[in-house]
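Trainee:
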């Protein structure tokens, strides 16, 4: 499938020159177009989601994806300089989305948002409801106040429980491993592979699995930027100034508020959310689907349940997954979206088992399988090392001769 990126001229801010906002539209025209908004902020739209658009086109979806200002092809102004911090505001991002709808002659669209993208989707529904035909929220992010729900879910699993997983996490902290690092790595492992990945990870902390998840999940290495794929350095201003990513620690172990704290000094302080989305969804008069993973720890199921209970016409769909089906189970998201486009969203709760059985495609979706394989190698390696050391009897190692 050939893609032709398009662009429209958009104002920046702070006296900076304008910039070209890039977007792409794929698939057959006909049914109501679908706008997909990735998470982050910082995930690019064009390069990482080419496979998604190809699968969507095969399924008959008319798909639009916009390269977020400050990311990918929408990163620089007309003079080639990175967009300024003042240009990084949620209101401006929403205006960009509406400008693309206008450029494409789309009166109303199905809006699909994942994680941070779900916040933008709800904000678009609050400010421009007449442009929304229906909406799908994947891993709904609704309020900075929901850190309390994150804490409850994380600590219930990894700290308060009386099982091998919680005992292993408490043991790492007692051994002096920084609680924030423990949380970042163990949370990612649980979301990606559940206890099947967490338990071997805890048993073999010196192994490759721990190091791989540390590189994937922790925020100690400076501003994360993979050009054209994930670029947090500019749009992080939105995350800290309007979404409170720095958080306010409560002084107890395994606090999700600490996740982004190492980067807080690089960005403006939190000034408040631009919209009250908890209140806004109560007035949504369009069909809403809320897709929630049972292992999601960053936007736990309690948030999805509240959103679905608040909106007048909402359907809650639970799948066996971690955070962001867009990234880790894209075929489930696309099939749910197709139901919504066709007005068949009421069937989705009955489709949950079928959605779970769909193959998991894409690089991010393959990562859990790779990690489980690495964890198995770690276990084999650990077993060989223990075996070479010989059996332990009364605190001594008996050599084999």
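Numbering (my numbering), first residue to last: 12 to 412.
Don't be surprised by glycine CBs; every beta carbon is placed ideally from N, CA and C.
Alpha carbon to alpha carbon, what distance is there between residue 14 and residue 239?
Mentor: 16 Å
Trainee: Do you know whose CA, among 45, 56, 152, lies nearest residue 115's CA?
Mentor: Distances from the alpha-carbon of residue 115 to those of 45, 56, 152 put 45 closest.
Trainee: With a CB to CB cut of under 8 Å and the five nearest residues on each side skipped, what residues in its chain are close to residue 120?
Mentor: Excluding five sequence positions before and after residue 120, the CB atoms of its chain that fall closer than 8 Å to its own CB belong to 43, 44, 45, 46, 75, 112, 142, 143, 144, given in chain order.
Trainee: Can you tell me where the alpha helix (DSSP H) holding residue 134 begins and where it ends?
Mentor: 127 to 138 is the span of the alpha helix (DSSP H), which, as asked, contains residue 134.
Trainee: Enumerate in chain order the residues of its own chain whose CB-to-CB distance from residue 288 is below 6 Å, with the five nearest sequence positions on each side excluded.
Mentor: The residues are 133, 153.
Trainee: With a cut-off of 8 Å, does the C-beta of residue 243 fall near any C-beta of chain B?
Mentor: Of the protein chains in this structure there is only one, and it is not chain B.
Trainee: For residue 303, which beta-bridge partners are listed by DSSP?
Mentor: 329
Trainee: Could you give the first and the last residue of the continuous alpha helix (DSSP H) run that contains residue 180?
Mentor: 175 to 185
Trainee: Give the single residue among 269, 101, 212, 250 whose Cα lies nearest to the Cα of residue 229.
Mentor: 269
Trainee: Whose C-beta lies closer than 8 Å to the C-beta of residue 206 among residues of the same chain, with five residues either side of it excluded?
Mentor: The residues are 176.
Trainee: Using only the alpha-carbon positions, how far apart do residue 108 and residue 33 sit?
Mentor: 11 Å
Trainee: Residues in the same chain with beta-carbon distance under 6 Å from residue 16, minus the five sequence neighbours each way, listed in chain order, please.
Mentor: Cβ within range, chain order: 33, 35.
Trainee: Taking 7 Å as the limit between beta carbons, can you name the residues of its chain near residue 202, skipping five residues before and five after?
Mentor: 306, 307, 308, 333, 334
Trainee: Do the CB positions of residue 24 and residue 97 come within less than 8 Å of each other?
Mentor: yes
Trainee: Can you have a look at residue 237 and say buried or exposed, based on whether 16 or more other CB atoms are within 10 angstroms of its CB?
Mentor: exposed
Trainee: How many Å lie between residue 208 and residue 70 at the Cα?
Mentor: Near 33 Å, if we compare the C-alpha coordinates of residue 70 and residue 208.
Trainee: Any idea which residues DSSP pairs residue 46 with across the strands?
Mentor: 75, 122
Trainee: Would you call residue 401 buried or exposed, if buried means 16 or more other Cβ atoms sit within 10 Å of its Cβ?
Mentor: Note on residue 401: pLDDT 42, under 50, position unreliable in the model; the coordinate value appears next. The residue is exposed, with fewer than 16 neighbouring Cβ atoms inside 10 Å.
Trainee: Are residue 325 and residue 359 close, meaning C-beta to C-beta below 8 Å?
Mentor: no
Trainee: What do you reckon, are the CB atoms on residue 158 and residue 131 nearer than 8 Å?
Mentor: no
Trainee: What is the DSSP secondary structure of residue 360, counted as helix, strand or coil?
Mentor: The answer is helix: DSSP assigns residue 360 an H, G or I state.
Trainee: Let's test the definition: count the other Cβ atoms within 10 Å of the Cβ of residue 356 and tell me whether it reaches 16, buried, or not, exposed.
Mentor: buried
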